[in-house]
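Student:
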Amino acid sequence: MKRKRTEKRKGKAATSDTASQAPPVSTAETITAPSETNALIILHTLGNMQAAMATIQTDVAAIKGNQQRLSNQVHELQNRQKKFFTRLKDLPLEVIAQIFSWIPVQSVLKYRRLSTAINQVLLTNQFAVLNVRMSDFHEVSTHSIGGLWLVLPPSYQTAVAKAVAGEINSIVGGKFNHTKKELPESIARLTAVERINLGGCTLTGSIPDVFGALKNLTYLLLRGNKLTGPLPSSFSLLSGLRFLDLSHNQLSGEFPALPNLNDLDSLSVENNRFTGPIPTMFGKPNKLTKLNGWHNCFNVIPATITQLTNLEHLRISKNPISSEIPAHLWNLPSLRVLDISSCNMFGSLAVDNNVYGDDSNDSDDSDDSEPEPLPQPESESELESESSESEPQSESDSESETESQSESESEDSDSDSDSE
């Protein structure tokens, strides 16, 4: 038994020695080949990664360079010695003018409150020239102006007047009648103007002494405003004026002589504060047919009234004329309407065929209970035909309204005279 166990052990040992001395088999070769391929792939991948890292490092360096440049620029912007326009009011005035000149004139003045600098720019003559578009200012036609022009600052008014000096023949109220405004001095530049109708336009202040330049003016209506002060002396240079209505204002002082008014046909100055004698001094007094001066402070009826040989309507009621009724009133051969009520005058009324209200006159005149409306020039149709364009609707409305007011007051005056 022992011999068999020993032989088995020796057999196993011999087998193990034989196995260790045997050459390698093909299985090891099959394991070694894939390992080399993987190593090559890994090496290739590592190379690509190194190239990518190099590219990234280059990009990072470029980003750092850009950051450095931006940092330098920011540092330069923080230089307090340089000025940068971060606010609108800090812009140069020339730039502000160019920006705002594109805004329509009806709206641009609303931006005056943005800053003091902008307000100053918008009121300059240079900006007005840039901003003005003539189509915004024409009323009714290209030959009339008013409305918007009257309510703009003086710099705009001057710019517009310069641009249309020889084209405009009519000035009308139009829009903005309820906006307080003054008569612009630049009206003197509109030398081609023939008609001015600014009745009921809420005009305030005094009448500028510039009307002498309007040599072509034939029709001037400024009634129903709040004009104050004396009548300017330049009115005496309006040699072609035929119709003048200054009624229902607050004008004061003595009514001046107008020796160059050779064609004046109708004069209305009622409801003002004029003092001194009744106006009778005109270039050709025999041209005057209608004179309304009631409700003023006139205190004398001068003897020169006899020069008004064609005067048909004379209304001077409600004036402090405390004197005897002058006899020369009856020497007016064309007189048909006379109103001297509420004047504190005394004396007897002479009977004359030319005096309105006398029983010896024809029934048409004596039975007429209402006085004629406010004077309009008898050649009004001629004036309108000479003008290239008709007046706007607002003109007729204002005239009819003020005429009705005058008629009612004249009715009262006539009733007073009848009672006397």
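Take the sequence shown: its position 314, counting from 1, is numbered 294 in the working numbering, and each next residue is one higher. Even for Gly, the Cβ is constructed at its ideal location relative to N, Cα and C.
Is PRO164 closer than 8 Å to ILE187 when the C-beta atoms are compared?
Tutor: The sequence position of residue 187 within the sequence shown is 207, counting from 1. The sequence position of residue 164 within the sequence shown is 184, counting from 1. No, these two residues do not count as a Cβ contact at 8 Å.
Student: Excluding sequence positions up to five away, which residues of its chain have a Cβ less than 6 Å from the Cβ of GLY27?
Tutor: Locating residue 27 in the sequence shown gives position 47, where the first residue counts as 1. Hits under 6 Å: none found.
Student: Quick one: any contact between the stretch 252 to 264 and the stretch 276 to 296, if contact means 3 or more CB pairs under 8 Å?
Tutor: These segments touch.
Student: Could you pull the start and end residues of the alpha helix (DSSP H) that THR96 belongs to?
Tutor: Counting from one through the sequence shown, the residue named residue 96 turns up at place 116. Here the alpha helix (DSSP H) through THR96 covers 96 to 102.
Student: Would you mind working out which of LEU73, VAL109, ASN111, SER87 sits nearest ILE98, comparing C-alpha positions?
Tutor: By one-based count along the sequence shown, residue 98 stands at place 118. Among LEU73, VAL109, ASN111, SER87, the Cα nearest to that of ILE98 is on LEU73.
Student: Would you mind reading off the limits of the alpha helix (DSSP H) that contains THR138?
Tutor: Residue mapping note: residue 138 aligns to position 158 of the sequence shown, counting from 1. From DSSP, the alpha helix (DSSP H) with THR138 extends over 134 to 143.
Student: Could you give the distance in angstroms between the alpha-carbon of ALA8 and the alpha-carbon of SER15?
Tutor: By one-based count along the sequence shown, residue 8 stands at place 28. By one-based count along the sequence shown, residue 15 stands at place 35. Low local confidence applies: a pLDDT of 48 at ALA8 is under 50, so the model's placement there is unreliable, and no value is given.
Student: My understanding is that LEU231 touches GLY209, with C-beta atoms under 8 Å, so please give their C-beta distance in whole angstroms.
Tutor: Within the sequence shown, the letter at position 251 stands for residue 231. Within the sequence shown, the letter at position 229 stands for residue 209. Yes, LEU231 and GLY209 are in contact; Cβ-Cβ is about 7 Å, under 8 Å.
Student: Give me the residue from CYS323, ILE281, LEU315 with the minimum Cα distance to PRO300.
Tutor: Within the sequence shown, the letter at position 320 stands for residue 300. Here the closest residue by C-alpha is CYS323.
Student: Could you tell me how far apart the beta carbons of VAL173 and ALA139 are, in whole angstroms, since I believe they sit closer than 8 Å?
Tutor: Sequence index remark: in the sequence shown, residue 173 carries index 193 (1-based). Sequence index remark: in the sequence shown, residue 139 carries index 159 (1-based). Going by Cβ atoms, the distance from VAL173 to ALA139 rounds to 17 Å, so no, they are not a contact pair.
Student: Which class does VAL173 belong to by DSSP, given the choice of helix, strand or coil?
Tutor: As a first step, residue 173 is located in the sequence shown; it is residue number 193 there, counting from the start. It is coil, neither helix nor strand.
Student: Going by alpha carbons, who is nearest to LEU226 out of ILE176, SER87, LYS267?
Tutor: Within the sequence shown, the letter at position 246 stands for residue 226. For LEU226, the nearest C-alpha among the options comes from ILE176.
Student: Any idea if LEU23 is buried or exposed, counting beta-carbon neighbours within 10 angstroms, 16 or more meaning buried?
Tutor: Taking the sequence shown and counting its residues from 1, one reaches residue 23 at position 43. Exposed, by the Cβ-count rule.
Student: If you follow the beta strand (DSSP E) that GLN287 is in, where does it begin and where does it stop?
Tutor: The residue labelled residue 287 in the question sits at position 307 within the sequence shown. No beta strand (DSSP E) contains GLN287, which DSSP labels as neither H nor E.
Student: Report the partner residues of ARG295 according to the DSSP bridge assignment.
Tutor: The residue given as residue 295 occupies position 315 in the sequence shown. ARG295 pairs with ASN272, ASP319.
Student: Alpha carbon to alpha carbon, how far is ASN229 from LEU241? Give it in angstroms, no decimals.
Tutor: If you number the sequence shown from 1, residue 241 lands on position 261. If you number the sequence shown from 1, residue 229 lands on position 249. So the alpha carbons of these two residues sit roughly 22 Å apart.
Student: From the DSSP output, in three-state form, read off THR38 for me.
Tutor: Looking up residue 38 in the sequence shown gives position 58. Of the three classes helix, strand and coil, the one that applies to THR38 here is helix, per DSSP.
Student: Quick one, which of LEU318, PRO236, PRO257 has its alpha-carbon nearest LYS407's?
Tutor: Shown here, the chain extends from -19 to 400; a query on residue 407 therefore has no answer.
Student: Compute the distance between the beta-carbons of ALA168 and VAL152, then report whether it is under 8 Å.
Tutor: The residue given as residue 168 occupies position 188 in the sequence shown. The residue given as residue 152 occupies position 172 in the sequence shown. Their beta carbons are not under 8 Å apart, which means ALA168 does not touch VAL152 by this criterion.
Student: Nearest to LEU130 by alpha carbon, out of PHE107, PRO84, GLY146, LEU183?
Tutor: One-based indexing of the sequence shown puts residue 130 at position 150. Checked all of PHE107, PRO84, GLY146, LEU183; the closest Cα to LEU130 is LEU183.
Student: Distance check for ILE76 and GLU381, CA to CA, integer angstroms please.
Tutor: In the sequence shown, residue 381 corresponds to position 401, counting from 1. In the sequence shown, residue 76 corresponds to position 96, counting from 1. With a pLDDT of 45 at GLU381, under the threshold of 50, the modelled position of this residue cannot be trusted, and the question is left open.
Student: How would you label PRO84, buried or exposed, when you count the other beta carbons within 10 angstroms and need 16 or more for buried?
Tutor: Locating residue 84 in the sequence shown gives position 104, where the first residue counts as 1. It counts as exposed.
Student: Since LEU200 is in the beta strand (DSSP E), which residue starts that stretch and which ends it?
Tutor: Here the question's residue 200 lines up with position 220 in the sequence shown. Its beta strand (DSSP E) spans residues 199 to 201.
Student: If you draw a straight line from the C-alpha of SER321 to the C-alpha of SER328, how long is it?
Tutor: Position 341 of the sequence shown, counted from the first residue, corresponds to residue 321. Position 348 of the sequence shown, counted from the first residue, corresponds to residue 328. Whole-angstrom Cα-Cα distance: 13 Å.
Student: How should PHE215 be labelled, buried or exposed, when 16 other C-beta atoms within 10 angstroms of its C-beta is the threshold for buried?
Tutor: What you label residue 215 is simply residue 235 of the sequence shown in a count that begins at 1. Burial call: buried.
Student: Evaluate GLN47 with the Cβ neighbour count: other Cβ atoms within 10 Å of its Cβ, from every protein chain shown; 16 or more gives buried, anything less gives exposed.
Tutor: Residue mapping note: residue 47 aligns to position 67 of the sequence shown, counting from 1. With fewer than 16 other Cβ atoms within 10 Å, it is exposed.
Student: For ALA141, count neighbouring Cβ atoms within 10 angstroms of its own Cβ and tell me buried if that reaches 16, exposed if not.
Tutor: The residue you call residue 141 lines up with position 161 of the sequence shown. Result: buried.
Student: Tell me whether LEU218 sits in a helix, a strand or coil according to DSSP, three-state version.
Tutor: To locate residue 218, count along the sequence shown from 1; it is residue 238. Reduced to three states, the DSSP call for LEU218 is coil.
Student: Following the continuous beta strand (DSSP E) through ILE151, name the residue where it begins and the one where it ends.
Tutor: In the sequence shown, counting from the first residue as 1, residue 151 sits at position 171. Taken as a continuous stretch (DSSP letters only), the beta strand (DSSP E) holding ILE151 covers 150 to 152.
Student: Could you tell me whether the Cβ atoms of GLN287 and PRO265 are closer together than 8 Å?
Tutor: Along the sequence shown, read from residue 1 onward, the residue named residue 287 stands at position 307. Along the sequence shown, read from residue 1 onward, the residue named residue 265 stands at position 285. Closer than 8 Å, so yes.
Student: Of the choices GLY180, THR171, ARG203, PRO259, whose alpha-carbon is the least far from that of LEU218?
Tutor: Within the sequence shown, numbered from 1, the residue matching residue 218 stands at position 238. The option with the nearest alpha carbon to LEU218 is THR171.
Student: Between the Cα of LEU197 and those of LEU221, LYS298, ASN205, LEU102, spot the shortest distance and give me the residue it belongs to.
Tutor: Sequence index remark: in the sequence shown, residue 197 carries index 217 (1-based). That would be LEU221, whose Cα lies nearest to the Cα of LEU197.
Student: What first and last residue would you give for the beta strand (DSSP E) that runs through GLU147?
Tutor: By 1-based counting over the sequence shown, the position of residue 147 is 167. No beta strand (DSSP E) contains GLU147, which DSSP labels as neither H nor E.
Student: If we ignore side chains and look at the alpha-carbon of each, how far apart do LEU71 and GLN100 end up?
Tutor: Residue numbering aside, residue 71 sits at position 91 when the sequence shown is read from its first letter. Residue numbering aside, residue 100 sits at position 120 when the sequence shown is read from its first letter. The straight-line gap from Cα to Cα measures roughly 13 Å.
Student: Between the alpha carbons of SER402 and THR289, how many angstroms are there, rounded?
Tutor: There is no way to answer for residue 402, as the model of the chain reaches only from -19 to 400.
Student: Check whether the Cβ atoms of ARG316 and SER248 lie closer than 8 Å to each other.
Tutor: Here residue 316 refers to the residue found at position 336 of the sequence shown. Here residue 248 refers to the residue found at position 268 of the sequence shown. Not a contact, by the Cβ cut-off of 8 Å.
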